[in-house]
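Enquirer: Here it is, the structure, as structure tokens.
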Amino acid sequence: FINKFISYFTVDIVEYKTDDKKMLTTPTKPIIFDEEKGLNKLIKDLTESCIEAKGLGLAANQIGISKRIAVLMIPKDEHFLDFERTVLINPEITSHEGEMIEEEGCLSFPGLYKFTRRFKKVTVRYIDEKGIPMEITAEGLMSKAIQHEVDHLDGKVFLDYALSDEEVEKLGLKSANED
Numbered sequence: 002f003i004n005k006f007i008s009y010f011t012v013d014i015v016e017y018k019t020d021d022k023k024m025l026t027t028p029t030k031p032i033i034f035d036e037e038k039g040l041n042k043l044i045k046d047l048t049e050s051c052i053e054a055k056g057l058g059l060a061a062n063q064i065g066i067s068k069r070i071a072v073l074m075i076p077k078d079e080h081f082l083d084f085e086r087t088v089l090i091n092p093e094i095t096s097h098e099g100e101m102i103e104e105e106g107c108l109s110f111p112g113l114y115k116f117t118r119r120f121k122k123v124t125v126r127y128i129d130e131k132g133i134p135m136e137i138t139a140e141g142l143m144s145k146a147i148q149h150e151v152d153h154l155d156g157k158v159f160l161d162y163a164l165s166d167e168e169v170e171k172l173g174l175k176s177a178n179e180d
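Heads up: the sequence shown begins at 2 in this note's numbering, then just goes up one per residue.
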């Protein structure tokens, strides 16, 4: 459904192993909404690249731009045919509660999945693509995606939250990629 509208002029995603690790491990610069040139193109590039890579989210530093903006593409159904896009400009997590342990991957670490410890519920304050200040509280997949992308913008990667092999074994967790 949504793939029909992609122009296929996507940008490359920075890979941790082969590209500039510093881009992924350095906090990004805040956006001054009224002064930011090329913001609509950046949002379009993030959106199209995220869809093309079949990701749930993409932060600007993952495409080599040190700006505090990320796009989330959360599926509306289990068939991944339609998505709800959320643009987070200058996001800040203001509260969190609970804990969840789930398997997580990242477009900058192709093929690598690890169990991570995340908050079950988060509240995030941000500016949307129209310049309107917003605040949402999210749980589950949306909560995990928000945390993952805000971490990128803060210069952190999902491996910073990964459980050790010993913890995974102790908890009896099995990867979805295991036979």
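All residues carry an ideal CB built from backbone N, CA and C; glycine is no exception.
Remember, predicted model here, so these are calculated numbers, not experimental data.
(1) From the DSSP secondary-structure annotation, give me the bridge partner or partners of residue 44.
(2) Starting from residue 26, trace the alpha helix (DSSP H) in both directions and tell me its first and last residue.
(3) I think residue 153 touches residue 62, with their Cβ atoms under 8 Å apart; what is that distance to the nearest whole Å?
(4) DSSP state of residue 85, grouped into three classes?
(5) Of all the options 75, 170 and 157, which has the alpha carbon lying nearest to the alpha carbon of residue 144?
(6) Report the CB separation of residue 115 from residue 159 in whole angstroms; it is logged as a contact under 8 Å.
(7) Give every residue of the same chain whose Cβ lies closer than 6 Å to the Cβ of residue 95, excluding the five residues on either side of it in the sequence, and list them in chain order.
(8) Following the continuous alpha helix (DSSP H) through residue 170, name the residue where it begins and the one where it ends.
(9) Assuming residue 150 is part of the alpha helix (DSSP H), what are its boundary residues?
(10) Going by beta-carbon coordinates alone, are residue 73 and residue 89 separated by less than 8 Å?
(11) Confirm, please, whether the CB-CB distance from residue 12 to residue 35 is below 8 Å.
(12) Assign residue 142 to buried or exposed, taking buried as 16 or more other Cβ atoms, counted over all protein chains shown, within 10 Å of its Cβ.
(13) Within 10 angstroms of the Cβ of residue 14, are there 16 or more other Cβ atoms? Answer buried if so, exposed if not.
Expert: From the atom records:
(1) DSSP lists no partner for residue 44.
(2) 22-26
(3) 6 Å
(4) strand
(5) 75
(6) 7 Å
(7) 124 and 126
(8) 166-172
(9) 141-154
(10) yes
(11) no
(12) exposed
(13) buried
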